[in-house]
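So for the sequence shown, the numbering used here puts the first residue at 395; every next one is plus one. No residue lacks a Cβ here, since even glycine has one placed at the ideal position from N, Cα and C. Read the structure below first, then the notes.
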Amino acid sequence: MQTLAVEYYCLIVLLSMSTIQIAASYSGLHGITLFQKRLFNYFFSCVIAVPCLAILLTWNWHKPTGVIEGAEQFYLFMAGIVSAIGLTMVISSLINHKRFKNNQEELVSGFEALRTRTFFQALNGRLRSLKWRG
């Protein structure tokens with residue numbers, strides 16, 4: 395049963411990461427994309443998403459005796475999505491750090507900041523701009 399749960403979790407993480415990449419490429423959030431070229435990012439995301447979807451949609455055909463209970467499936471799904479968001483932030487910040495290193499543009503708020511900065515660069519800029527009161 396544990397191997398089914400791990401397999402399901404990994405599929406959800408991969409599928410969520412590919413969905414985030416497609417959405418980031420479409421909206422122009424270059425700070426969280428894994429590849430600079432939009433078309434290559436779409437291709438990479440589809441190469442990951444299609445097999446994951448195929449496995450998830452045919453889960454009961456391949457694993458007739460393996461059933462993940464509803465509550466466990468919900469927790470694995472939520473953990474997979476949160477993990478995918480965290481992995482996307484970390485990996486894209488490591489990959490794109492040099493690309494946006496000398497960015498002198500004004501820091502905008504919200505998701506718009508991810509157009510010209512990585513997540514951790516935007517977070518660092520936002521925390522530095524706060525006025526701490528003592």
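How big is the Cα-Cα spacing for residue 417 and residue 406? Spanning the two alpha carbons is a distance of roughly 16 Å.
Pair within 8 Å by beta-carbon distance, residue 423 and residue 511: no
How many Å lie between residue 479 and residue 404 at the Cα? 13 Å
So, for residue 374: in the same chain, excluding its five sequence neighbours on each side, which residues have a beta-carbon less than 7 Å away from its beta-carbon? Because the chain in this structure spans residues 395 to 528, residue 374 falls outside the shown range and cannot be described.
Going by C-alpha to C-alpha distance, which of 438, 455, 519 and 497 sits closest to residue 503? 519
Given residue 500 as reference, the closest of 523, 445 and 485 once Cα atoms are compared: 523
Would you mind working out which of 399, 411 and 448 sits nearest residue 483, comparing C-alpha positions? 411
Alpha helix (DSSP H) segment containing residue 507, residue limits: Where residue 507 is concerned, there is no enclosing alpha helix (DSSP H), given that its DSSP letter is neither H nor E.
In whole angstroms, what is the alpha-carbon distance linking residue 455 and residue 462? Near 14 Å, if we compare the C-alpha coordinates of residue 462 and residue 455.
In the structure shown, what three-state DSSP assignment does residue 501 receive? In the three-state reduction of the DSSP assignment, residue 501 falls in the coil class, being assigned neither a helical nor a strand state.
Please report the distance separating the alpha-carbon of residue 481 from that of residue 458. Residue 481 and residue 458 have their C-alpha atoms roughly 31 Å apart.
Simplified DSSP state of residue 462, which is helix, strand or coil: coil
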